[in-house]
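First to last, the protein sequences are chains X and S.
For the first sequence, the residue numbers in numbering that gives the first Met the number 0 are 0 to 328.
For the second sequence, the residue numbers in numbering that gives the first Met the number 0 are 0 to 210.
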Amino acid sequence: MTPAAAAPSPAGHHLGKDLIGLEDLDADRIQAILDTAEPFKEISERPIKKVPVLRGKTIVNLFFEPSTRTRISFEFAEKRLGADTVNISASGSSVEKGETLVDTARNLEAMRIDMVVVRHGSSGAAQFLAERIPSNVINAGDGQHEHPTQALLDLLTLRDTLGKIKGIKVCIVGDIRHSRVARSNIFGLLHMGAEVAVCGPRSLIPAGIEELGVRCFGRVEEAIEWSDALNILRLQLERMKTGFVPSLREYNRVFGVSRARLDAAGRRIVILHPGPMNRGVEIDSDVADGPESVILPQVTNGVAVRMAVLYLLAGGHPEHAEAAKGGAA
Amino acid sequence: MGALIARQVSGILAAQSARSGLPSAQESTEGGTRTPVLSEEESKATLARLADEVGKGGEINDLVLVGIRRRGDHLAARLASHLLSRHETDVPTGSLDITLYRDDFAQIGPRPIIGVTDIPVDLTDRRVVVVDDVLFTGRTIRAALNELADFGRPRRIELCVLIDRGGRELPIHADYVGTTVEVGVGQRVVVHVPEEDGELGAFLESEQEAG
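So this is what it looks like as structure tokens:
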């Protein structure tokens, strides 16, 4: 988990074939995705929410783990760009019959697809797939590795709300150890020049995280005092069974973000949450629904940022794009 | 000035001979030459004439001007201000970025910068005048027509351009034309507006110049 010294991109907007994670994505490329997302916001406000730029492209959403919001967000993004989409979930498909990830993907390839959006329970699954099929691969969450589009929509929402990312202080609260959202956010925020902290039970903070340049808070009050924005992660309820957290009530008492704790800071602290929320566990209802919350703008931005990623990956001929700049009227 | 404005320049030599009392027509730029087609004064007068023609061309109470980014939107704003002073009618003005409707995405890939499209009113049953700087192949206008259809069903759509340089590849024509220019091989027409380029005018450039 070392922050890769991301190589400067030859053309700032060029992402390459796949989007696997933010660890290797430099600030120029992240900036290009966020800037491209801006005009895509407007498309979702139109009476006819569809542009023809990916007309004729076939995109498969391959979800080996349950997901509602990410899958729907990708599907809206794909459809609003005019692509044809197919959704495949693990249950009720050949995956359930024991087909391997690569066999599933190769069979899809044989039906002439262009892009795969993949979610999988194993870290590295997206990379594994990307190396084996010619289609563009977008990681929609792989194990405990990365969830890049979630971090990109968080970055876009922070930039919208605070006007910039460089120099802002963002604390990620919750289960950092098992969270791909936390990892992608840490890489993205550090590349973009933000200050990053994490806060949670010691059992849920990975050892050595300070070496990335990330600050650790053991008390949520200290984290709130330090932060411009809090990204509050969902407490995975299955963590109770494995003994990382004693009880939900105990977690809420110590790490829950409450109105009283927030008000004690005496200034506006932006509240993000990737959803779905456990109200009354990691976040109290009057915080989730409060004036500081940008949780619903995050969802809106998710569609725009995914449209930007799909658009930028789909073309793939940056040298032609450069040559055509200011071209035919 | 009236005669000067009314004329339709045909070819660059005509453009140059019609100019009087203006500094040397041809300038060198890095890697090429640029020759003025319309000076700042001529551009202003041409835009005023175009605004008058648009005003006389039909009902202006339901008129909407839609400029194609990134020059046509500024020209549309100029036409709107003429119409406001001439007819005391505040004509709604929108801007259109046609990047996502281009027909060459598969050939050139994603363009790095997409502008925001801003259509301030429902276009259904309105008279829409699309405004662009240079009319060339007609492919930009085809894209604009497709995009406009996603904002409602206008009663009528017309096209107003500052320069018609010929070379159409689609059956598209302009209803209001500032001036026509014949463009030789290796040349192109550019329109500059103060908001983007710091100057107002139209120029013929040799194509060695980057950009």
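Positions of the beta carbon are idealized from the N, C-alpha and C atoms, including for glycine.
A quick note: this is a predicted structure, and the numbers were derived from the prediction, not measured.
Through-space distance from residue j to residue i, alpha-carbon basis
{"i": "serine 23/S", "j": "aspartate 163/S", "result": "Per-residue confidence for serine 23/S stands at a pLDDT of 48, beneath the threshold of 50, marking its modelled position as unreliable; no derived number is given."}
{"i": "serine 202/X", "j": "glutamate 77/X", "result": "39 Å"}
{"i": "phenylalanine 186/X", "j": "glutamate 22/X", "result": "5 Å"}
{"i": "glycine 120/X", "j": "serine 72/X", "result": "19 Å"}
{"i": "asparagine 86/X", "j": "isoleucine 132/X", "result": "18 Å"}
{"i": "aspartate 121/S", "j": "valine 127/S", "result": "11 Å"}
{"i": "valine 192/S", "j": "aspartate 113/X", "result": "41 Å"}
{"i": "serine 122/X", "j": "serine 183/X", "result": "13 Å"}
{"i": "glycine 212/X", "j": "alanine 143/S", "result": "49 Å"}
{"i": "asparagine 60/S", "j": "alanine 79/S", "result": "12 Å"}
{"i": "aspartate 132/S", "j": "valine 63/S", "result": "17 Å"}
{"i": "aspartate 51/S", "j": "valine 115/S", "result": "29 Å"}
{"i": "valine 115/X", "j": "phenylalanine 62/X", "result": "10 Å"}
{"i": "glycine 151/S", "j": "valine 188/S", "result": "32 Å"}
{"i": "leucine 83/S", "j": "leucine 147/S", "result": "24 Å"}
{"i": "arginine 45/X", "j": "aspartate 27/X", "result": "29 Å"}
{"i": "serine 284/X", "j": "aspartate 124/S", "result": "46 Å"}
{"i": "aspartate 102/S", "j": "glutamate 58/S", "result": "33 Å"}
{"i": "valine 195/X", "j": "arginine 179/X", "result": "16 Å"}
{"i": "arginine 184/S", "j": "leucine 203/S", "result": "The question names arginine, but residue 184/S in the sequence shown is valine. Whole-angstrom Cα-Cα distance: 12 Å."}
{"i": "glycine 242/X", "j": "leucine 236/X", "result": "11 Å"}
{"i": "glycine 200/S", "j": "valine 182/S", "result": "17 Å"}
{"i": "threonine 299/X", "j": "isoleucine 107/S", "result": "29 Å"}
{"i": "arginine 68/S", "j": "threonine 84/X", "result": "31 Å"}
{"i": "alanine 44/S", "j": "valine 176/S", "result": "13 Å"}
{"i": "isoleucine 137/X", "j": "alanine 193/X", "result": "25 Å"}
{"i": "isoleucine 171/S", "j": "cysteine 159/S", "result": "12 Å"}
{"i": "leucine 189/X", "j": "leucine 24/X", "result": "11 Å"}
{"i": "lysine 163/X", "j": "leucine 155/X", "result": "9 Å"}
Under 9 Å between C-beta atoms of residue i and residue j
{"i": "threonine 178/S", "j": "valine 36/S", "result": "yes"}
{"i": "histidine 73/S", "j": "glutamate 194/S", "result": "yes"}
{"i": "alanine 228/X", "j": "threonine 160/X", "result": "yes"}
{"i": "arginine 70/S", "j": "valine 190/S", "result": "yes"}
{"i": "leucine 99/S", "j": "isoleucine 113/S", "result": "yes"}
{"i": "lysine 16/X", "j": "alanine 129/X", "result": "yes"}
{"i": "leucine 53/X", "j": "alanine 263/X", "result": "no"}
{"i": "arginine 118/X", "j": "alanine 139/X", "result": "yes"}
{"i": "leucine 107/X", "j": "valine 59/X", "result": "yes"}
{"i": "arginine 77/S", "j": "leucine 46/S", "result": "yes"}
{"i": "valine 244/X", "j": "leucine 232/X", "result": "no"}
{"i": "glutamate 41/S", "j": "glutamate 198/S", "result": "no"}
{"i": "arginine 68/X", "j": "serine 43/X", "result": "no"}
{"i": "leucine 49/S", "j": "leucine 161/S", "result": "yes"}
{"i": "alanine 89/X", "j": "serine 134/X", "result": "no"}
{"i": "proline 102/X", "j": "alanine 124/X", "result": "The question names proline, yet the displayed sequence has aspartate at residue 102/X. Taking 9 Å as the Cβ cut-off, aspartate 102/X and alanine 124/X do not qualify as a contacting pair."}
Boundaries (first-last residue) of the alpha helix (DSSP H) holding residue i
{"i": "aspartate 83/X", "result": "Here aspartate 83/X belongs to no alpha helix (DSSP H); instead the beta strand (DSSP E) covers 83 to 88."}
{"i": "glutamate 37/X", "result": "26 to 42"}
{"i": "glutamine 235/X", "result": "That residue, glutamine 235/X, is in no alpha helix (DSSP H); it is neither H nor E in DSSP."}
{"i": "threonine 32/S", "result": "No alpha helix (DSSP H) holds threonine 32/S; the beta strand (DSSP E) holding it covers 31 to 37."}
{"i": "lysine 78/X", "result": "68 to 79"}
{"i": "arginine 260/X", "result": "258 to 263"}
{"i": "arginine 101/S", "result": "Counting along the chain, arginine 101/S falls outside any alpha helix (DSSP H), and DSSP gives it neither H nor E."}
{"i": "valine 253/X", "result": "247 to 254"}
{"i": "leucine 161/X", "result": "147 to 161"}
{"i": "threonine 139/S", "result": "138 to 147"}
{"i": "phenylalanine 243/X", "result": "Looking at the DSSP string, phenylalanine 243/X is not in any alpha helix (DSSP H), and its letter there is neither H nor E."}
{"i": "methionine 306/X", "result": "294 to 314"}
{"i": "alanine 181/X", "result": "179 to 190"}
Residue i - containing beta strand (DSSP E), residue span
{"i": "isoleucine 162/S", "result": "155 to 163"}
{"i": "isoleucine 177/S", "result": "First, the residue type needs correcting, since residue 177/S is glycine and not isoleucine in the sequence shown. Element bounds for glycine 177/S: 175 to 179."}
{"i": "glycine 189/S", "result": "The identity of residue 189/S in the sequence shown is valine, whereas the question assumes glycine. Looking at the DSSP string, the run of the beta strand (DSSP E) that includes valine 189/S is 186 to 191."}
{"i": "arginine 214/X", "result": "214 to 216"}
{"i": "leucine 107/X", "result": "No beta strand (DSSP E) holds leucine 107/X; the alpha helix (DSSP H) holding it covers 100 to 109."}
{"i": "arginine 126/S", "result": "126 to 134"}
{"i": "valine 195/X", "result": "194 to 198"}
{"i": "serine 134/X", "result": "Segment: none, serine 134/X is in no beta strand (DSSP E) and carries neither H nor E."}
Any non-hydrogen atom of the ligand FMN closer than 8 Å to residue i Cβ
{"i": "glycine 142/X", "result": "You won't find the ligand FMN in this model; it holds no ligand whatsoever."}
Contact belief for residue i with residue j at Cβ below 8 Å, rounded distance in angstroms
{"i": "valine 211/S", "j": "isoleucine 118/S", "result": "This structure gives no information on residue 211/S, because the portion of chain S shown stretches from 0 to 210."}
{"i": "isoleucine 255/X", "j": "glutamate 281/X", "result": "The sequence shown places glycine at residue 255/X, not isoleucine. Glycine 255/X to glutamate 281/X, Cβ: 6 Å. Contact."}
{"i": "glycine 207/X", "j": "aspartate 174/X", "result": "That pair is no contact at about 17 Å."}
{"i": "isoleucine 204/X", "j": "arginine 158/X", "result": "That pair is no contact at about 27 Å."}
{"i": "glutamine 143/X", "j": "isoleucine 19/X", "result": "About 14 Å separates the two Cβ atoms, so there is no contact after all."}
With a cut-off of 8 Å, do at least 3 Cβ pairs link the region 41 to 49 of chain X to the region 271 to 278 of chain X? No: fewer than three Cβ pairs fall under 8 Å.
- Task: Determine, using beta-carbon pairs with one atom in the region 159 to 170 of chain X and one in the region 219 to 237 of chain X, whether at least three such pairs fall under 8 Å.
- Result: yes
Determine, using beta-carbon pairs with one atom in the region 285 to 294 of chain X and one in the region 15 to 34 of chain X, whether at least three such pairs fall under 8 Å.
Here the region 285 to 294 of chain X does not lie against the region 15 to 34 of chain X, with fewer than 3 beta-carbon pairs under 8 Å apart.
| query | Below 8 Å, can you find three or more Cβ-Cβ pairs linking the region 148 to 157 of chain X to the region 297 to 310 of chain X? | reply | yes
* Count the CB pairs spanning the region 160 to 175 of chain S and the region 89 to 96 of chain S that are closer than 8 Å, and state whether there are at least three. => Touching, no.
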